[in-house]
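Asks: Numbering (mature numbering (1 follows the signal peptide of the UniProt record, and there is no 0)), first residue to last: -24 to -1, 1 to 369.
Ideal Cβ positions, reconstructed from N, Cα and C, are used throughout, including at glycine.
Small disclaimer: the values here were computed from a predicted structure and weren't measured.
Mind having a look at this structure? Questions to follow.
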Amino acid sequence: MNLLKSSCWALLLILLLGTVSCQSGDPKKKEKQADNSAVDSSFYHQSQLKYAKGFQIKLLANGLKELIVWDPWNEGKIFQKYYLKNRGEKTDIQVPADGLLVEVPVRSIAALSSTQIGILKFLNVQDRIVAVSLRDRIYDEELDKKAQNGTIQAVGHSESLNFEKIVELDPELVMVAGFMNITDKETKLMKAGLPVAYNIEWMETSPLARAEWAKFIAAFFNEEAEAEKHFNAVEKRYNDLKKLVENVESKPSILSGYNFKGIWYMPGGQSYLAQFLRDGKADYCWFSDSTSGSMPLSFEVVFDKQGEADIWFGPGQCRTLEDMKNMDERYTLFRSYKTAHVFCSTKRMKDSGANDWFESGVMQPDVVFKDVIKILHPELLPNYELYYYQQLK
């Protein structure tokens, strides 16, 4: 009896020791298992770029992701390079000195342009925004409320950037619109340990190329797969609209831009707007021009070439024909003004100046294109109501 009792106690002791051994184990192994459970496998999605030329994404053999922003003002040169490291992975990777290390997904971001806000909404990560440049330039109602109650801070932009405030907020990423030169304050932020990401989508010359920059921003959030899925849907809708107009015969003539301090900035023949007009089957006298940005012209040249244009696109931030007349009374001489065929992307603009055209328009080129088709060929979309544009009265 005593022997049986002793055997039972021995068996129980073995089972207890085994349980303790399984639960404790190697502390390092346990830590690694915990880290692995937090690793986001979507980091390893490899984006395929179809239109954008300003950046590239590449998975490296060492487990990092290389993200390059090309310098559009110096062909073949790099504007900035980033090495993305998947958060939670324990690695002893030596990061090359030619780029900035960013641990992803980032959990907080300062988004200092309206377009970036729109892309973050497109990716459904707008809850990570902790700072913007100007509060009164936010169109989205939910984000505007956060800016009003202080959840989102206004920190300025470019040379007016409030360095101390943004360092205090300590976002894991600061995203700015890239221009020809990196500013002193941006350099100062990087030296303070805040990575600065340069979004130069505005230099792309086609609507779909600009929209594809969502994949660039998505890389910082491990949302590339989602970005690709949503972009493919936008691309399909855009191309379906191109098919809608492919057989139209009537091509209305177009005037665009406006006179500013003696110079009329006309969209070049290879510009973003020109691509919408080309795809929409318009007659634009500058299509043969090779300029991808704006062409500085005199009022006289514009009036001579486009004074009889059927439709006028985009005269600044005007909401009425009277606004235009107050800007420059000579506008009343144009045929498109006389016939009230003037359209401006101010339908979704607040009194503060916040305009959804700048916030969400880049990520909805299909909707912008639908507006353009409605303006050029209204008979093709009889029941469609303009979304971004409005006809001035």
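Determine which residues share a DSSP beta bridge with C320 and list them.
Replies: Q366
Asks: Between M339 and N331, is the Cβ-Cβ spacing less than 8 angstroms?
Replies: The answer is no: Cβ separation not under 8 angstroms.
Asks: What are the boundary residues of the beta strand (DSSP E) that E42 is part of?
Replies: Element bounds for E42: K41 to W46.
Asks: DSSP beta-bridge partners for P272?
Replies: Bridge pairing for P272: Y241 [DSSP].
Asks: Specify, as a first and last residue, the run of the beta strand (DSSP E) that E79 falls within.
Replies: L76 to V80
Asks: Can you tell me whether I158 is helix, strand or coil according to DSSP?
Replies: coil
Asks: By the 10 Å Cβ neighbour count, where 16 or more other Cβ atoms means buried, how is Q24 classified, buried or exposed?
Replies: Looking at its Cβ environment, which holds fewer than 16 other Cβ atoms inside 10 Å, Q24 is exposed.
Asks: Only counting the same chain, and skipping five residues up and downstream in sequence, which positions put a Cβ closer than 8 angstroms to that of V143?
Replies: Answer for V143: L165, A168 and L170, listed in chain order.
Asks: Report the option in T267, Y307, R311 and F289 whose CA atom is closest to the CA atom of F319.
Replies: Nearest in C-alpha terms to F319, of all of T267, Y307, R311 and F289, is F289.
Asks: Are the CB atoms of V131 and K141 within a distance shorter than 8 angstroms?
Replies: Between K141 and V131, the C-beta spacing is below 8 angstroms.
Asks: I need the boundaries of the beta strand (DSSP E) containing S232, first residue and last residue.
Replies: I230 to S232
Asks: May I ask you to verify whether the segment 57 to 65 touches the segment 201 to 214, counting CB pairs closer than 8 angstroms and requiring at least 3?
Replies: no
Asks: With the cut-off set at 8 angstroms, would you say K29 and E180 are in Cβ contact?
Replies: yes
Asks: For R306, count neighbouring Cβ atoms within 10 angstroms of its own Cβ and tell me buried if that reaches 16, exposed if not.
Replies: exposed
Asks: Since E335 contacts I93 with CB under 8 angstroms, what's their CB separation in whole angstroms?
Replies: 6 angstroms
Asks: Check for me: the beta strand (DSSP E) holding F289 runs from which residue to which?
Replies: I287 to F289
Asks: What are the complete alpha helix (DSSP H) segments, minimum 4 residues, inside the segment 66 to 127?
Replies: Every alpha helix (DSSP H) stretch that sits fully inside the segment 66 to 127 and reaches 4 residues is listed by chain position as 90 to 98 and 117 to 124.
Asks: Going by C-alpha distance, which of S226, Y20, I128 and D116 is nearest A86?
Replies: I128
Asks: Which parts of the segment 195 to 227 are runs of the alpha helix (DSSP H), unbroken and 4 residues or longer, counting only runs that do not cross its ends?
Replies: 200 to 221
Asks: Measuring alpha carbon to alpha carbon, tell me which residue in S312, E202, F252 and V277 is nearest K350.
Replies: F252
Asks: Compute the Euclidean distance between the alpha carbons of L357 and Y363, then round it to the nearest angstrom.
Replies: 13 angstroms
Asks: Taking 6 angstroms as the limit between beta carbons, can you name the residues of its chain near Q22, skipping five residues before and five after?
Replies: Counting only Cβ-Cβ distances below 6 angstroms, and skipping sequence neighbours, we find L35.
Asks: Looking at the C-beta of S84, does it have a partner C-beta in chain B at a distance below 8 angstroms?
Replies: Absent from the structure: chain B. Only one protein chain is present.
Asks: Are at least three pairs of beta-carbons, each pair with one atom in the segment 208 to 223 and one in the segment 265 to 275, less than 8 angstroms apart?
Replies: no
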